[in-house]
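**Q**
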Amino acid sequence: MQDKKLIFKKGDYIFAMVVVSVVLVLFLTQLNAKQGNQVRVTVGKQTETYSLTENRRISLRGKMDSQEQASSDGVTNVLVIEDGQVYMESASCPDQVCVKHKPIYQDGEMIICLPHQVYVEVDNDIENDIDN
Amino acid sequence: MRLSAQHRKKLHKVINGLIILLALGVFVYFAIQTIQKKEMNIEMQAYAGSAMGTAVKKTLYSESMEENDAADAMIDTCLEELENQISARVSGSEIAGLNRNYAVDGINTLSESVASYLRQELLIWEESEGAFSPCIYPLSSLWGIEEGNTIVPNTTMIESALIAIDASQIEVNGNDLILHAPNMQLDMGAAGKGIACDEIRTRLCETNIQGAVVSVGGSILAYGDKGDGKEWHIGIQNPRGVTGDIFGVVDTPGNVVVSTSGDYEKYFESGGKRFHHIFDPSTGFPADNGLISVTIICENGLRSDAMSTACFVMGLEKGMAYAKEQGVEAIFVTQDKKVYVTDNMKNKFRLQSEEYELVR
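Chains R and Z supply the protein sequences, listed in that same order.
Count the first sequence with my numbering and you get residues 393 to 524, in order.
Count the second sequence with my numbering and you get residues 518 to 877, in order.
1) Residues of chain Z with CB under 9 Å from K402 of chain R, in chain order?
2) With burial defined as no fewer than 16 other Cβ atoms inside 10 Å of the residue's Cβ, what is the status of H697 of chain Z: buried or exposed?
3) Tell me, please, which residues DSSP counts as bridged to N772 of chain Z.
4) When the cut-off is 8 Å and only beta carbons count, does A408 of chain R lie next to chain Z?
5) Report the neighbours of L452 of chain R on chain B: residues whose CB is nearer than 8 Å to its CB, in chain order.
6) Can you list the residues of chain Z that K455 of chain R reaches, using a CB-CB cut of under 7 Å?
7) Taking V411 of chain R as the query, report the chain Z residues whose CB atoms sit under 9 Å from its CB, ordered along the chain.
8) For a minimum of 3 consecutive residues, which ranges assigned as the beta strand (DSSP E) are wholly contained in the segment 608-657 of chain Z?
9) With DSSP collapsed to three states, give me the class of N690 of chain Z.
10) Under 7 Å Cβ to Cβ from D465 of chain R, same chain only, skipping five residues before and after it: list those, please.
11) Taking 8 Å as the CB-CB cut-off, is H493 of chain R touching chain Z?
12) Under 7 Å: does the beta carbon of G735 of chain Z sit that close to some heavy atom of the ligand SAM?
13) Helix, strand or coil, according to DSSP, for H793 of chain Z in the structure here?
14) In whole angstroms, what separates the C-alpha of V545 of chain Z from that of V411 of chain R?
15) Do the CB positions of L703 of chain Z and I809 of chain Z come within less than 8 Å of each other?
16) Classify D704 of chain Z as helix, strand or coil using the three-state DSSP reduction.
17) Does any residue of chain R bring its CB to less than 8 Å from the CB of Q523 of chain Z?
18) Measure from the C-beta of V730 of chain Z to each C-beta in chain R and report whether the shortest distance is under 8 Å.
19) Is the Cβ of T439 of chain R closer than 8 Å to any Cβ of chain Z?
20) Run through chain Z and tell me which residues come within less than 8 Å of T434 of chain R, C-beta to C-beta.
21) Among Z:A678, Z:F849, Z:V856, Z:S657, which one has its Cα closest to the Cα of C471 of chain Z?
22) CA-CA distance, I653 of chain Z and I682 of chain Z?
23) Can you check which of these residues, R:E519, R:K402, R:I504, is closest to K575 of chain Z by C-alpha distance?
24) Return the Cβ separation of V767 of chain Z and F866 of chain Z in integer angstroms, given the expectation that the two are a contact with Cβ distance under 8 Å.
25) I'd like to know whether the C-beta atoms of F764 of chain Z and Y873 of chain Z end up nearer to each other than 8 Å.
26) Please classify N861 of chain Z as buried or exposed, where buried requires at least 16 neighbouring CB atoms within 10 angstroms.
27) If the criterion is Cβ atoms closer than 8 Å, does the pair I662 of chain Z and Y784 of chain Z meet it?
28) Could you tell me whether the segment 704-715 of chain Z touches the segment 808-825 of chain Z, using the rule of 3 or more Cβ pairs below 8 Å?
29) Report the three-state DSSP secondary structure of D515 of chain R (helix, strand or coil).
30) N533 of chain Z touches chain R at which residues, Cβ-Cβ below 7 Å?
31) For the segment 735-760 of chain Z, list every residue whose C-beta sits within 7 Å of some C-beta in chain R, in sequence order.
32) Are the segment 576-589 of chain Z and the segment 719-731 of chain Z touching by the rule of at least three beta carbon pairs closer than 8 Å?
33) Closest to V856 of chain Z by C-alpha separation, out of Z:G844, Z:E600, Z:E834, would be which residue?
34) Starting from E846 of chain Z and walking both ways along the beta strand (DSSP E), at which residues does that stretch end?
35) Taking the C-alpha atoms as reference points, what is the distance between D473 of chain Z and Q562 of chain Z?
36) Determine, for I814 of chain Z, whether the minimum Cβ-Cβ distance to residues of chain R falls below 8 Å.
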């Protein structure tokens with residue numbers, strides 16, 4: 393039993409724990425500072441944020457003209473988040489510009505649906521080499 | 518585990534030393550990171566929106582988010598004011614009012630800024646031998662492509678529209694405008710997005726914004742820098758790709774407007790032929806000369822926007838000669854996916870798509 397004497401003294405444990413917790417706290421604040429990996433979806437004046445890491449399908453109710461209003465259930469655009477990328481699966485507008493947009497995932501990339509006033513933006517730590 | 522007292526002591530020392538080293542390392546790492554962040558204390562924010570019938574995207578860099586937000590709102594106001602002044606499609610605008618009410622050969626007094634835009638546009642009309650027209654509205658509304666029309670108008674109607682778009686009937690003296698023919702309709706639209714970039718730049722200069730990239734439809738303003746003094750990387754839309762798919766990148770300092778005109782923006786297809794929204798004022802039909810996209814890069818946004826249209830209509834050879842003559846930078850893309858650039862662009866334009874071939 394005598395040989396099983398502790399290698400460390402009590403003070404060492406406290407010291408180690410202090411170091412570990414300081415590192416942990418710094419690490420967590422660092423993580424928090426990066427608010428990345430998000431998708432910001434603005435419909436009209438309202439903005440919602442979704443995680444880029446969770447796959448999901450989002451039905452959006454954008455602005456409609458009177459003709460559209462009569463013939464639909466209010467859903468104007470369907471947005472899909474899949475494997476860290478975002479794309480517009482469908483839209484009820486004639487031009488389909490947003491549906492034809494390539495999937496986005498880099499920081500600052502956007503998909504805009506002009507007729508329905510839907511704006512989708514990526515907030516990510518994957519840096520984008522392109523500035524516009 | 519059997520360890521002698523001596524060994525225990527040694528191990529103890531080593532582990533203690535390691536922990537201290539680790540702690541120091543972590544401390545130094547975070548200290549450096551914090552200092553770096555303080556040094557380039559620049560906040561970036563991207564904003565999406567719409568104005569002048571097109572998508573608007575702003576990426577703003579300044580020392581605080583508040584400043585970015587304020588500049589975002591300021592740009593929106595600027596675009597709204599401009600639209601209410603120069604859009605032929607906004608019924609209360611200066612241009613729309615003039616189009617409705619002018620008397621042939623009568624004097625109309627323009628606001629100083631509109632007169633200045635019009636003078637510059639007339640200059641480009643002259644330089645381009647009519648390839649750019651500041652009064653194309655009767656023709657573009659006859660086709661109605663931007664409104665979703667998909668039928669080719671009959672020749673008689675096109676011919677009568679051609680009479681109404683003769684820019685030689687426009688006379689501007691100072692701020693006075695005289696139109697010498699009936700049924701004319703001014704249209705700043707063909708250079709409107711470039712004008713918007715110019716106005717936004719003027720107003721950004723009065724703010725503390727460090728850098729900005731603002732896209733108004735096909736015109737992109739590059740302003741200042743990100744705080745690091747480096748160039749901007751402006752992506753150019755692939756004329757045969759999905760929206761947002763770029764085929765090349767222009768590296769440029771923050772003092773230019775990059776405008777692109779192409780046959781891919783608004784068009785319909787009929788009988789296997791593409792009818793797009795950039796008209797040749799001499800034929801009344803969409804320009805059809807083998808070009809699918811033209812990008813013009815220069816300081817003056819109005820010129821960049823108007824010349825991208827003019828060069829698109831002029832075709833590769835004449836358009837390239839015109840661009841060189843004016844000392845602006847240009848990128849021409851032909852139907853067979855060949856890319857032609859001005860000399861200075863050769864080391865500033867990076868082709869990023871294998872579908873295209875850069876002609877040197």
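Ideal Cβ placement from N, Cα and C applies to all residues, glycine included.
**A** Per the coordinate set shown:
1) Walking along the first sequence from the start, residue 402 of chain R turns up at place 10. Within 9 Å Cβ-Cβ: nothing; K402 of chain R doesn't reach chain Z, min ~13 Å.
2) As a first step, residue 697 of chain Z must be located in the second sequence, where it is residue number 180. By the 10 Å Cβ count, H697 of chain Z comes out exposed.
3) Taking the second sequence and counting its residues from 1, one reaches residue 772 of chain Z at position 255. BP columns for N772 of chain Z point to Z:Y740.
4) As a working note, residue 408 of chain R is residue 16 in the first sequence. A408 of chain R belongs to the set of residues whose beta carbon lies under 8 Å from a beta carbon in chain Z.
5) Within the model displayed, chain B is absent; protein chains R and Z are what it includes.
6) The count along the first sequence starts at 1 and reaches residue 455 of chain R at position 63. Those within 7 Å of K455 of chain R in chain Z number zero; the least Cβ separation is about 11 Å.
7) For the purposes of this step, residue 411 of chain R is taken as residue 19 along the first sequence, with counting starting at 1. Residues of chain Z passing the Cβ test: I536, I537, L539, A540, V543.
8) List check, beta strand (DSSP E) in window: 624-626.
9) Here residue 690 of chain Z refers to the residue found at position 173 of the second sequence. The answer is strand: DSSP assigns N690 of chain Z an E or B state.
10) Here residue 465 of chain R corresponds to residue number 73 of the first sequence, with the count starting at 1. If we look at D465 of chain R and ignore the five residues flanking it on each side, it has no Cβ neighbours.
11) Residue 493 of chain R sits at position 101 when you count from the first residue of the first sequence. Closer than 8 Å to some Cβ of chain Z, the Cβ of H493 of chain R qualifies, so yes.
12) What this structure holds is no ligand at all, so the ligand SAM is not there to describe.
13) As a position in the second sequence, residue 793 of chain Z is number 276, starting the count at 1. Strand.
14) Along the second sequence, one-based indexing puts residue 545 of chain Z at 28. Along the first sequence, one-based indexing puts residue 411 of chain R at 19. Using only the alpha carbons, I get a separation of about 14 Å.
15) Counted from its first residue, the second sequence places residue 703 of chain Z at position 186. Counted from its first residue, the second sequence places residue 809 of chain Z at position 292. For the 8 Å CB-CB criterion, L703 of chain Z and I809 of chain Z do not form a contact.
16) In the second sequence, the residue the question calls residue 704 of chain Z occupies position 187. Three-state result, D704 of chain Z: coil.
17) The sequence position of residue 523 of chain Z within the second sequence is 6, counting from 1. Chain R, which has no Cβ nearer than 8 Å to the Cβ of Q523 of chain Z, makes this no.
18) Position 213 of the second sequence, counted from the start, is the residue given in the question as residue 730 of chain Z. By this cut-off, V730 of chain Z is an interface position.
19) Numbered from its first residue, the first sequence carries residue 439 of chain R at position 47. No, no contact with chain Z.
20) Here the question's residue 434 of chain R lines up with position 42 in the first sequence. By Cβ distance, chain Z contributes A565.
21) Because residue 471 of chain Z is not part of the residues shown, which for chain Z are 518 to 877, the question remains open.
22) Here residue 653 of chain Z refers to the residue found at position 136 of the second sequence. Here residue 682 of chain Z refers to the residue found at position 165 of the second sequence. Looking at the two C-alpha atoms, the distance is approximately 5 Å.
23) Indexing the second sequence from 1 puts residue 575 of chain Z at position 58. K575 of chain Z has its Cα closest to that of R:I504, out of R:E519, R:K402, R:I504.
24) Residue mapping note: residue 767 of chain Z aligns to position 250 of the second sequence, counting from 1. Residue mapping note: residue 866 of chain Z aligns to position 349 of the second sequence, counting from 1. Yes, they are in contact, since the Cβ atoms of V767 of chain Z and F866 of chain Z sit about 5 Å apart, within 8 Å.
25) Taking the second sequence and counting its residues from 1, one reaches residue 764 of chain Z at position 247. Taking the second sequence and counting its residues from 1, one reaches residue 873 of chain Z at position 356. Contact flag set, yes.
26) For the purposes of this step, residue 861 of chain Z is taken as residue 344 along the second sequence, with counting starting at 1. Around the C-beta of N861 of chain Z, fewer than 16 other C-beta atoms lie within 10 Å, and the residue is accordingly described as exposed.
27) The residue labelled residue 662 of chain Z in the question sits at position 145 within the second sequence. The residue labelled residue 784 of chain Z in the question sits at position 267 within the second sequence. Yes; because the gap between Cβ atoms is below 8 Å, this pair is in contact.
28) Yes, the segment 704-715 of chain Z is in contact with the segment 808-825 of chain Z.
29) For this step, residue 515 of chain R is matched to residue 123 along the first sequence. In the three-state reduction of the DSSP assignment, D515 of chain R falls in the strand class, which pools E and B.
30) For this step, residue 533 of chain Z is matched to residue 16 along the second sequence. Near N533 of chain Z (Cβ distances below 7 Å), the residues of chain R are D404.
31) Within the segment 735-760 of chain Z, the residues whose Cβ lies closer than 7 Å to some Cβ of chain R are I737, W749, H750, I751, G752, V759, T760, listed in chain order.
32) The segment 576-589 of chain Z vs the segment 719-731 of chain Z: in contact.
33) Sequence index remark: in the second sequence, residue 856 of chain Z carries index 339 (1-based). Comparing alpha-carbon positions, the option among Z:G844, Z:E600, Z:E834 lying closest to V856 of chain Z turns out to be Z:E834.
34) The sequence position of residue 846 of chain Z within the second sequence is 329, counting from 1. Note, E846 of chain Z: beta strand (DSSP E), 846-851.
35) Residue 473 of chain Z is absent from the structure shown; chain Z starts at 518 and stops at 877.
36) Within the second sequence, residue 814 of chain Z is the residue found at index 297, counting from 1. I814 of chain Z does not count as touching chain R.
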